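Student: Below is a structure I'd like to ask you about.
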Amino acid sequence: MDARFRDLLAAEWTKLWSLRSTYGSMALITVSTVLFSVRAAVADHHNWPGYAAERRAAFDPIHDAFPEEGWLFVMLAAGAVGALMIAGEYASGQIRTTLIAVPDRRAVVGAKVVVLAGVMLVVGAIAAATSFGVSQAILADLGAGASIGEPGALRAVAASTLLLPVCALIGFGVGALVRHTAPAVVVTTTLLLLAPLAFDITNRWTAAVHNALPVPAWERLVGNPYVLPNLHVATVPGAWAVFAVWPVVAALLAAIVVHRREP
Amino acid sequence: MIELRNLTKRYGGSTAVDRLTLTVRPGHVTGFLGPNGAGKSTTLRLVVGLHRPTSGVALVDGRPFADRPRGLRHAGALLDAGDVHGGRSARAHLTALARSNGIPRSRVGEVLDQVGLTEVARRRIGGFSLGMRQRLGIAGALLGDPPVLLFDEPFNGLDPHGVRWVRGLFRRLADEGRTVLVSSHLMSEMEQTVDHLVIIGRGRLLVDESLAAFAGANSGAASLEEAFMDLTADRLDYTAGGR
Numbered sequence: 024m025d026a027r028f029r030d031l032l033a034a035e036w037t038k039l040w041s042l043r044s045t046y047g048s049m050a051l052i053t054v055s056t057v058l059f060s061v062r063a064a065v066a067d068h069h070n071w072p073g074y075a076a077e078r079r080a081a082f083d084p085i086h087d088a089f090p091e092e093g094w095l096f097v098m099l100a101a102g103a104v105g106a107l108m109i110a111g112e113y114a115s116g117q118i119r120t121t122l123i124a125v126p127d128r129r130a131v132v133g134a135k136v137v138v139l140a141g142v143m144l145v146v147g148a149i150a151a152a153t154s155f156g157v158s159q160a161i162l163a164d165l166g167a168g169a170s171i172g173e174p175g176a177l178r179a180v181a182a183s184t185l186l187l188p189v190c191a192l193i194g195f196g197v198g199a200l201v202r203h204t205a206p207a208v209v210v211t212t213t214l215l216l217l218a219p220l221a222f223d224i225t226n227r228w229t230a231a232v233h234n235a236l237p238v239p240a241w242e243r244l245v246g247n248p249y250v251l252p253n254l255h256v257a258t259v260p261g262a263w264a265v266f267a268v269w270p271v272v273a274a275l276l277a278a279i280v281v282h283r284r285e286p
Numbered sequence: 682m683i684e685l686r687n688l689t690k691r692y693g694g695s696t697a698v699d700r701l702t703l704t705v706r707p708g709h710v711t712g713f714l715g716p717n718g719a720g721k722s723t724t725l726r727l728v729v730g731l732h733r734p735t736s737g738v739a740l741v742d743g744r745p746f747a748d749r750p751r752g753l754r755h756a757g758a759l760l761d762a763g764d765v766h767g768g769r770s771a772r773a774h775l776t777a778l779a780r781s782n783g784i785p786r787s788r789v790g791e792v793l794d795q796v797g798l799t800e801v802a803r804r805r806i807g808g809f810s811l812g813m814r815q816r817l818g819i820a821g822a823l824l825g826d827p828p829v830l831l832f833d834e835p836f837n838g839l840d841p842h843g844v845r846w847v848r849g850l851f852r853r854l855a856d857e858g859r860t861v862l863v864s865s866h867l868m869s870e871m872e873q874t875v876d877h878l879v880i881i882g883r884g885r886l887l888v889d890e891s892l893a894a895f896a897g898a899n900s901g902a903a904s905l906e907e908a909f910m911d912l913t914a915d916r917l918d919y920t921a922g923g924r
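Quick note, the sequences are listed as chains A and B, same order.
For what it's worth, our numbering labels the leading residue of the first sequence as 24, then goes sequentially.
For what it's worth, our numbering labels the leading residue of the second sequence as 682, then goes sequentially.
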């Protein structure tokens, strides 16, 4: 790798880990993933004797690893870290100091994207693997826990790992466009968490829009059968494509607007 | 050296900088004066590539600054002491800047010492006074040991000791052969700081001569401040109580 770009990565790494909000977000991610998956697994473990045979047959242990109510916090925190990484610079004026030190704006955005995606990928892998391992261990003595080799298990862990960089980069793109911290976080949260609720999944066309949003794509990939049966369910490759397109478009958009606009 | 050739910047219908041609030479402390809205800050932003000129060029040591991959090694600039993220400590802020330009970490301690912020280096910048932020901005400008330095209103918020220290610093930097450009709207402040004067009004060059020559040409005026006021009186954008 180019030595100059390595210097930029080191600078962005220093900047990311010298803000309190980063630590707060990481704590929120770790605590909420582990806590909510433990809660879901313990609840099913407790209620298991009362479940009828068909309920037991339809039981999806992977759902206990990735309960949506817990992962909403993850999406929120990851999106906020991404949004603040760039909007925080514009809102404070720091961006001018940054760009005088490094006038190549595209390189600055590139370094931010690499550091953000890399850190979120590692945190996501830890969060997803811990959630999966702990919840399945709780269910194991019932014979109801899944192993990573079971159909859909690895896909769910991979999708949940990638959910963090996906949400963070979407936040980053929004932050670069909006350039103010509070609106950037609000828009990111709306896009990730509220927008899916606005589309009727029983209609073919609005369901298609719904399926093209990042969080519904994650729900599809973790294969949650408790989500209301969607008549127009996305294909798995389609959901992966949604996961790929959103962050790439967000990063490119950030590079374009940071390069073009005067700070 | 800083060279401006026909530098022009328009925003919509208004012209902030108007065909400015100027050379700022090394070895001098050059004062950059003009009333509010004269285009001083815009010019400085054009020099460091934050804004792109509508026409004309601004060169730092022969090249547009935006072409430099490591800016801090070519020019140090304090354009606004507020251009920092308040959530970081002074040391973290400077460390990130140093790393982005491949400058060794030991240099951070040196500049913190030089500006007198070593004792508060671990405190968050958000709690700093304006004077402390000015010192932090100067530390950032010095990090890369650059041949060209730009300071926009560096005296704001500094106490008298700070002002004296900054004057001495600018003089030393110029004596080391660097190009030092200092903007201000106060002539009285500049008289004791600079040896060369550039005055602009409404984006246009009005004066480019040594302080001694300017003083000689205006020996009839009660003070240099008086001479500056007369010179720029018809080039004000904002006048209290109408004109």
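Cβ atoms here follow ideal geometry from the backbone N, Cα and C, with glycine treated the same way.
A quick note: this is a predicted structure, and the numbers were derived from the prediction, not measured.
Please report the distance separating the alpha-carbon of A/Glu285 from that of A/Thr56.
Tutor: 40 Å
Student: Hey, does A/Asp223 have any beta-carbon neighbour from chain B nearer than 8 Å?
Tutor: No, its Cβ sits nowhere closer than 8 Å to a Cβ of chain B.
Student: Indicate whether A/Leu107 and A/Gly198 have their beta-carbon atoms separated by less than 8 Å.
Tutor: yes
Student: Kindly give me the distance between the Cβ atoms of A/Ala76 and A/Val201, rounded to whole angstroms, as I take these residues to be in contact under 8 Å.
Tutor: Contact flag wrong, Cβ pair sits at about 53 Å.
Student: Go to B/Gly757, then tell me how far its beta strand (DSSP E) extends in each direction, as first and last residue.
Tutor: 756-759
Student: For the beta strand (DSSP E) containing B/His877, name the first residue and the last one.
Tutor: 877-882
Student: DSSP puts B/Tyr692 in a beta bridge; with which residues?
Tutor: In the DSSP assignment, B/Tyr692 is bridged to B/Ser695.
Student: Got a sec: which bits of the segment 881-899 of chain B sit with their beta carbon under 9 Å from any beta carbon on chain A, in order along the chain?
Tutor: none
Student: Would a check of beta-carbon distances place B/Ala758 closer than 8 Å to chain D?
Tutor: Considering every chain present, this structure includes no chain D. Its protein chains are A and B.
Student: Quick one: which chain A residues come within Cβ less than 7 Å of B/Arg769?
Tutor: Ser41, Leu42
Student: Taking buried to mean at least 16 other C-beta atoms within 10 Å of its own C-beta, is B/Ala779 buried or exposed?
Tutor: buried
Student: From A/Leu187, A/Ala207, A/Ile85, A/Ala64, pick the residue whose C-alpha is nearest to that of A/Pro237; which is it?
Tutor: A/Leu187
Student: Comparing C-alpha positions only, which one of B/Pro707, B/Leu727, B/Tyr692, B/Pro716 sits nearest to B/Arg686?
Tutor: B/Leu727
Student: Pick helix, strand or coil for B/Arg885, following the three-state DSSP scheme.
Tutor: DSSP places B/Arg885 in strand when its eight states are reduced to three.
Student: Who are the near neighbours of A/Ala148 in its chain, counting only those whose CB is closer than 8 Å to its CB and skipping five residues on each side?
Tutor: Thr184
Student: Is DSSP giving B/Arg924 helix, strand or coil here?
Tutor: With a pLDDT of 45 at B/Arg924, under the threshold of 50, the predicted position of this residue should be treated as unreliable, and no value is reported.
Student: Assuming B/Gly712 contacts B/Leu831 under a Cβ cut-off of 8 Å, what Cβ separation, rounded to an integer in Å, is found between them?
Tutor: So it is not a contact: roughly 12 Å between Cβ atoms.
Student: Against B/Gly746, what residues of chain A qualify as contacts under a CB-to-CB distance less than 9 Å, listed in chain order?
Tutor: Rather than Gly, the amino acid found at residue 746 of chain B in this sequence is Phe. The answer, in chain order, is Ile123, Pro126.
Student: In angstroms with no decimal places, state the Cα-to-Cα distance between B/Ile880 and B/Gly715.
Tutor: 6 Å
Student: Determine, for B/Thr776, whether the minimum Cβ-Cβ distance to residues of chain A falls below 8 Å.
Tutor: It does: the Cβ of B/Thr776 has a partner Cβ on chain A nearer than 8 Å.
Student: State the CB to CB distance for the pair B/Leu703 and B/Asp876, rounded to an integer number of angstroms; the pair is presumed to be in contact (CB under 8 Å).
Tutor: The Cβ separation is near 16 Å, so there is no contact.
Student: Residues of chain A with CB closer than 7 Å to the CB of B/Ser781, please, in chain order.
Tutor: Residues of chain A passing the Cβ test: Asp30, Leu31, Ala34, Ala124, Val125.
Student: List, from N- to C-terminal side, the beta strand (DSSP E) runs of 3 residues or more that fit wholly inside the segment 93-167 of chain A.
Tutor: none
Student: B/Ala820 to A/Phe266, Cα distance in whole Å?
Tutor: Going by the C-alpha atoms only, they are around 43 Å apart.
Student: Determine the DSSP secondary structure at A/Ile224, reduced to helix, strand or coil.
Tutor: Coil at A/Ile224, not helix or strand.
Student: Roughly how many angstroms separate the alpha carbons of A/Thr53 and A/Ala160, rounded to a whole number?
Tutor: Near 18 Å, if we compare the C-alpha coordinates of A/Ala160 and A/Thr53.
Student: Establish whether the CB of B/Gly715 and some CB of chain A are separated by less than 8 Å.
Tutor: no
Student: In angstroms with no decimal places, state the Cα-to-Cα distance between B/Arg883 and A/Ser41.
Tutor: 42 Å
Student: Note down, in chain order, every chain B residue with its Cβ under 8 Å from the Cβ of A/Pro292.
Tutor: For chain A, the structure presents residues 24 to 286; residue 292 of chain A sits outside this window and is missing.
Student: Give a yes or no on whether the minimum CB-CB distance between A/Gly105 and chain B is below 8 Å.
Tutor: So no, A/Gly105 is outside the interface.
Student: Check each residue of the segment 88-114 of chain A: if its Cβ is closer than 8 Å to any Cβ of chain B, include it; give the result in chain order.
Tutor: If the cut-off is 8 Å between Cβ atoms, the segment 88-114 of chain A has Gly111, Glu112 near chain B.
Student: Any Cβ of chain B within less than 8 Å of the Cβ of A/Gln27?
Tutor: The question names Gln, but residue 27 of chain A is Arg in the sequence shown. True, the Cβ-Cβ gap to chain B drops below 8 Å.
Student: Look at A/Thr212 and A/Leu139 and say whether their C-beta atoms are less than 8 Å apart.
Tutor: Not a contact, by the Cβ cut-off of 8 Å.
Student: In three-state DSSP terms, what is B/Arg744?
Tutor: strand
Student: Decide if B/Leu932 is buried, meaning its Cβ has at least 16 other Cβ atoms within 10 Å, or exposed.
Tutor: A question about residue 932 of chain B goes unanswered here, because the residues of chain B that appear run from 682 up to 924.
Student: Among the residues of its own chain, which have a CB less than 6 Å from the CB of A/Pro239, if the five just before and after it don't count?
Tutor: Pro219, His233
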